[in-house]
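Below you'll find the structure, written out as structure tokens, and then a few comments.
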Amino acid sequence: MIFESSSAVTAKVKTRFGKSLNAGDYKKLLSCHSIAQVVSQLKSTYKYKEILKSINETSVHRRQLEQVLRQNLFEEFAVICRYEIGVTAHFSRFIVRDFEIQQIIHFLTLLVAGNHEDYILSLPSYFEKHTDIDLAELAKAQNYEEFLSALSKTPYQKLLRDFKPNEREILDLTKIEDILYIFIYQEMYDIIEEHAGKQEKAELTNIFDNIIDYNNLIRIIRLKKYYKMDKHEIKKFILPFGTLKESQINILCDSNSADDVVNIMKTFPQGKLIISLEYTHIGEIYLRARYNICRHNLAISTTPSVTAISYYFIMQTELLNIIKIVEGARYNFDREKLNTMLIY
1 MIFESSSAVT AKVKTRFGKS LNAGDYKKLL SCHSIAQVVS QLKSTYKYKE
51 ILKSINETSV HRRQLEQVLR QNLFEEFAVI CRYEIGVTAH FSRFIVRDFE
101 IQQIIHFLTL LVAGNHEDYI LSLPSYFEKH TDIDLAELAK AQNYEEFLSA
151 LSKTPYQKLL RDFKPNEREI LDLTKIEDIL YIFIYQEMYD IIEEHAGKQE
201 KAELTNIFDN IIDYNNLIRI IRLKKYYKMD KHEIKKFILP FGTLKESQIN
251 ILCDSNSADD VVNIMKTFPQ GKLIISLEYT HIGEIYLRAR YNICRHNLAI
301 STTPSVTAIS YYFIMQTELL NIIKIVEGAR YNFDREKLNT MLIY
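For the record, in the sequence shown the residue sitting at position 312 is 312 according to this note's numbering, with numbers rising by one throughout.
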């Protein structure tokens, strides 16, 4: 295989970013009143014209559209990660792991709701050749034991073996998701440590540390607000990465309200970005912070792995925007309010 130069890889990533949806595109999409209109409008954009050309907008289902867009996101990064050796090539493992976790959580959510048969409707056949999860077996699973069996060739089976439902058939999905993301983030940090040069290592570590700091901030807020957990319980759900010190986490956990948590975070060096963020509710802070961090790094970095990772998270955000717009068109949400929820 012939590998392209680092500058060529970075240029390709930035060119792809230049084709992303812009404010004008979002304005037109927000004017749509049906899924068909959203698909038609997406087809008129440079980026999605080719991707959606085989989709009939008059008969497309929301689930089908999302599946096509997720497939495109995955395949786009599979191409980027083939460009060269080093961390950029190893980044493909992070992408696969991320998609695998999405499938696991999606299936378990359906299982808990008693709708596990519905998984077959969203089974990502394009992903089968990239994963060791037996997706066909997963689609047939009717209980947690059969779910674990579908994971037999993956590291997830061992990780999740002890999460079998209790006598009341309750699955701790929050803890399962935590365990899975701790696993892939640890794997990514190990890749950075082993394969990145000094400058690349510093840039990549900074991205992941910053993203995880804001992830942990939102975890603290949600666990305090919705689960009424005390400090000791909350700390069990904190991702063991990032730059927040234990003393800072203790202060955040001891605060009285969600607004207090955010205001305290603003006084920390890690939370200065919040001051310039525009958000409609506190739950948006993590995604908006992640987007801004990645936009900044994509603009200033010439390191292929940094630009690739930044672009990956940015494109995840664009996909979430489209999903929100589709839901807004489907249920006739207030367009001005929906616009404030989009991140771009």
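Cβ atoms here follow ideal geometry from the backbone N, Cα and C, with glycine treated the same way. Nothing here was measured: the structure is a model prediction, and the numbers come from that model.
- Under the three-pair Cβ rule at 8 Å, the region 228 to 244 does not count as touching the region 297 to 314.
- The DSSP-derived three-state label of residue 229 is coil.
- Shown here, residue 143 sits in coil according to DSSP, grouped into three states, outside any helix or strand.
- Classified as exposed, residue 281 has fewer than 16 neighbouring CB atoms from the shown chains inside 10 Å of its CB.
- Our two residues, residue 32 and residue 329, have alpha carbons roughly 6 Å apart in a direct line.
- Just so you know, the alpha carbons of residue 162 and residue 113 end up roughly 20 Å apart.
- Between the region 192 to 209 and the region 271 to 285, the count of C-beta pairs closer than 8 Å stays below three; the two stretches do not touch.
- Three or more Cβ pairs drawn from the region 45 to 58 and the region 17 to 25 lie within less than 8 Å of each other, which places the two stretches in contact.
- In the structure shown, residue 326 adopts helical secondary structure according to DSSP, grouped into three states.
- By the CB criterion at 8 Å, residue 217 and residue 286 fall inside the cutoff.
- Only residues of its own chain outside the window of five on either side were considered, and among them 126 have a CB closer than 8 Å to the CB of residue 75, listed in chain order.
- Residue range 62 to 80 is occupied by the alpha helix (DSSP H) that includes residue 63.
- Under the 10 Å beta carbon count, residue 226 is surrounded by fewer than 16 other beta carbons and is classified as exposed.
- Taken in chain order, the complete alpha helix (DSSP H) segments of 4 residues or longer contained in the region 188 to 251 are 198 to 225, 231 to 234.
- In this structure, 95 is the residue among 250, 95, 293 with its C-alpha nearest to the C-alpha of residue 131.
- Residue environment for residue 18: exposed (fewer than 16 other C-beta atoms within 10 angstroms of its C-beta).
- In the DSSP assignment, residue 270 falls outside any alpha helix (DSSP H) and carries neither an H nor an E.
- In this structure residue 10 touches residue 307 by the C-beta definition: roughly 5 Å separates them, less than 8 Å.
- Looking at 21, 15, 13, the one whose alpha-carbon comes closest to that of residue 320 is 21.
- Per DSSP, reduced to three states, the secondary structure at residue 344 is coil, with no helix or strand assignment.
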